[in-house]
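Peer 1: Quick one: this structure, given as structure tokens, is what I'll be asking you about.
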Amino acid sequence: MSKNNKTTEPTAPQALSAQFSEQIIDERLTPNPLSQFSMDKDALRLSLVTAQYALRATRQQTPPTLNKPTGLLVLVNGMEQAGKGTAVKQLRQWVDPRLLKVEATVGDCPLAYQPIWQAHTKALPRHGDVMVYFGNWYADLLYNVMRMATSDNDKSDNDKALPIAQWQAYLQQQLIKLQAFEQDLAANQTRLLKCWFHVDIETLQARLNDDEADPQFLYQIDWNSKKVIETFNQVATVLLRQQDDWIIIDGDDKSDAADHFCHEVLQEMQTALMSSKRNTVQTSDKSKAKKQAQQSLKSEKFEPVKIPKCLKDINEAEIDKSDYRDALVEKQVRLAQLLRARKGRHIVFAFEGMDAAGKGGAIKRLVAPLDPREYQIYNISAPMLYELQHPYLWRFWTKLPNEQTDRISRIAIFDRTWYGRVLVERIEGFATDEEWQRAYDEINRFEANLAAAGTIVIKYWLAIDKKEQLKRFEARQKTPHKQFKLTDDDWRNRDKWSDYVQSAADMLARTDTEYAPWYVIAANEKRQARLDVLDHAIKQLSAVCGS
């Protein structure tokens, strides 16, 4: 491209389209399982850059509702001195390097009170992009396992290593969680290519002692120690046997390893592109038609639940204003004590409910006794374009309390949440039937990961009836400093009241879990609802933070 061209979002390469017909480009973008044996370097380079631009161009397909561009995340792990850097360097030279994002971590102890993958979510590629990630969450996992397998975590004495059964159990448990996380990524337009580079001990030691400069080593282990390497190979064996989706690349010859790696990346780029095209191109192919029919049948089998009484008959218990104020202060003081006694644990509050149900007022009373530095409040609205170019949970993953950031806040409060997938996105058609029906399990896995890591998840549905909502809408219209809260969408959504109530019922039934239960608050009476929120938070935190 010209140096004077300031476009930051390139479309399909003009130079390529000028040289080759559309038919030739399509041929080069068609996955060829034998390509690693049949393509010479020039053909491989051309196919790589062609696929790279074509994949990126899928973000600009229209209409947006049909456009499902797919991103590619390449995870690079394995032995040290096995040709990883050489392989990625060659890939970056053979594609447009400006459009290939490369990140690297060396492995560190997993951060407290959060899943291993959480610290890495900000680095995930946008749909239509390709990213190579050295180390990644597997570096953190392997670093921790190697500490368990070779020491007591405080000393370097190998005699203090944990028994094999203990570190294996931890490793296997974490691998199951990571596999589920990666499957959810793949289901939401982020394909993964996992490459494990390997060399024998003799080759490794010869390269460690040569004259070439070495990068910072992965996993922070002593690669000069045969005993450490033998332990690492034991750990790797467990990992590779449990997860059969790793591509093992022989690093004995770095040039061959780089070619192999580039072929594997090409295959995945082509597959990602074909996945994007399948969402936008109509076809008469019988197998695809059959698949669409099966998906349609699956959607028809979704059974809405019976709407529970708590969403229909809303309690309107009134409370005296003076009594409310006294109770409010007492409960706020107690809640603040518990929040500060959480011993570092992260806390996530999730508020959902109908428009004007009082979520903002409840949150305001929840945080009143806290220092603003102790918490973050996220008012969730329609996703921005860059957020739509990631898995739908991504914009929530990146807002969770994170020990890796400089923030001291370990409390996150969401005014509307990831449940929008099964509420507004379901009703307004922003998600397909398959997507929002699949989301119940995806959300449950997400919350289970948080809870397993020690995060406390507290979820509220604030329930009001349609008559009370109308009363609050009209009050907002008459109050200048509240008029901004009322939008045309709020009025339009009232016409779909029954749909929203049914969606809420289905959500409560399918995502009320032992590790992240729902609490339904009768919110027709605002004061009592605010006290109920505080009461429940005190009860939940007392169970885990102190009596």
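Number 524 in the numbering used here belongs to position 524 of the sequence shown; there are no gaps in the numbering.
Note that beta-carbon positions come from the ideal geometry of N, C-alpha and C, so glycine has one too.
Going by DSSP, name the residue or residues bridged to E352.
Peer 2: W461
Peer 1: Give me the Cα-Cα distance between I25 and K84, rounded to the nearest whole angstrom.
Peer 2: Any reading at I25 is ruled out, since the residue's pLDDT is 48, under 50, leaving its predicted position unreliable.
Peer 1: Under 8 Å, do G107 and W196 count as touching if we go by C-beta distance?
Peer 2: no
Peer 1: Nearest-angstrom Cα distance between P480 and T487?
Peer 2: Going by C-alpha positions, P480 is about 14 Å away from T487.
Peer 1: Tell me which same chain residues have a C-beta within less than 7 Å of the C-beta of T425, skipping the five on either side of it?
Peer 2: According to the sequence as given, residue 425 is Glu; it is not Thr. Excluding sequence neighbours, E425 sits near A431 and W436.
Peer 1: Run the CB neighbour count on I456, radius 10 Å, all protein chains shown included, and call it buried at 16 or more, exposed below.
Peer 2: buried
Peer 1: Could you check whether S503 and L423 sit closer than 8 Å to each other, using their CB atoms as the reference points?
Peer 2: yes
Peer 1: Take E318 and list the residues in its own chain whose beta-carbon comes closer than 7 Å to its own, dropping the five residues that flank it on each side.
Peer 2: E525
Peer 1: Put A112 into one of helix, strand or coil per three-state DSSP.
Peer 2: coil
Peer 1: According to DSSP, what are the bridge partners of M567?
Peer 2: With the chain covering 1 to 547 only, the question about residue 567 has no answer from this structure.
Peer 1: Between the region 393-413 and the region 109-129, can you find at least three pairs of beta-carbon atoms closer than 8 Å?
Peer 2: yes
Peer 1: Just list the residues that DSSP pairs Y500 with in beta bridges.
Peer 2: Y500 has no beta-bridge partner at all, per DSSP.
Peer 1: Taking the alpha-carbon of L218 as reference, which of V501, A82, E428 and T417 has the nearest alpha-carbon?
Peer 2: A82
Peer 1: Within its chain, find whatever has a CB closer than 8 Å to the CB of L240; leave out the 5 residues flanking it on each side and keep chain order.
Peer 2: W196, W246 and I248
Peer 1: Does the beta-carbon of G135 have 16 or more other beta-carbons within 10 angstroms, so that it is buried, or is it exposed?
Peer 2: buried
Peer 1: Looking at the secondary structure, which residues open and close the beta strand (DSSP E) in which H198 lies?
Peer 2: First-last of the beta strand (DSSP E) with H198: T190 to H198.
Peer 1: If you follow the alpha helix (DSSP H) that A186 is in, where does it begin and where does it stop?
Peer 2: It spans I164 to A187 - the alpha helix (DSSP H) in which A186 sits, taken as one unbroken run.
Peer 1: Identify the continuous beta strand (DSSP E) that holds I307 and give its terminal residues.
Peer 2: Element bounds for I307: n/a, residue is neither H nor E.
Peer 1: What does DSSP give as the partner residue(s) for A452 in the beta ladder?
Peer 2: A452 is not bridged to any residue.
Peer 1: Excluding the five sequence neighbours on either side, which residues of its own chain have a C-beta within less than 8 Å of the C-beta of L100, listed in chain order?
Peer 2: Q52, L91, R92, V130, M131 and V132
Peer 1: Starting from the N-terminal side, write out each stretch of the beta strand (DSSP E) that is 3 residues or longer and does not extend beyond the region 499-535.
Peer 2: 518-522
Peer 1: In chain order, what residues of the same chain lie with their CB nearer than 7 Å to the CB of Q242, ignoring the 5 residues before and after it?
Peer 2: Q172 and L175
Peer 1: For A161, which three-state DSSP category applies?
Peer 2: coil
Peer 1: Compare the C-alpha of I538 against each of Q332, R492, L470 and K467 and name the closest.
Peer 2: Nearest C-alpha to I538: Q332.
Peer 1: For my contact list, P262 and L44 are in at a C-beta cut-off of 8 Å; report their separation, rounded to the angstrom.
Peer 2: In the sequence as displayed, the identity of residue 262 is Cys instead of Pro. In this structure C262 is in contact with L44, their Cβ atoms being roughly 6 Å apart against a cut-off of 8 Å.
Peer 1: Have a look at I427, Q189 and T231 and flag the residue whose alpha-carbon is nearest the alpha-carbon of S275.
Peer 2: Q189
Peer 1: Quick check on the burial criterion: 16 or more other C-beta atoms within 10 angstroms. Buried or exposed for D244?
Peer 2: exposed
Peer 1: For W167, count neighbouring C-beta atoms within 10 Å of its own C-beta (all shown protein chains included) and say buried if the count is 16 or more, exposed if not.
Peer 2: buried
Peer 1: Does the region 504-524 come within contact of the region 461-476, defined as at least 3 CB pairs closer than 8 Å?
Peer 2: yes
Peer 1: Who are the Cβ neighbours of A327 in its own chain at under 6 Å, not counting the five residues just before and after it?
Peer 2: L531
Peer 1: Taking Cβ positions, are A356 and A87 nearer each other than 8 Å?
Peer 2: The Cβ atoms of A356 and A87 do not sit closer than 8 Å to each other.
Peer 1: Please tell me whether V329 and L450 are closer than 8 Å, where the distance is taken between their beta carbons.
Peer 2: No; because the gap between Cβ atoms is not below 8 Å, this pair is not in contact.
Peer 1: Which residue from Q60, A186, D253 and M39 puts its Cα closest to that of P391?
Peer 2: A186
Peer 1: Could you check where the beta strand (DSSP E) with N379 kicks off and where it finishes?
Peer 2: Y375 to N379 is the span of the beta strand (DSSP E), which, as asked, contains N379.
Peer 1: Quick one: is Q477 buried, meaning 16 or more other Cβ sit within 10 Å of its Cβ, or exposed?
Peer 2: Residue environment analysis places Q477 among the exposed positions, since fewer than 16 neighbouring C-beta atoms fall within 10 angstroms of its C-beta.
Peer 1: Verify whether the separation of the beta carbon atoms of E374 and I314 is less than 8 Å.
Peer 2: no
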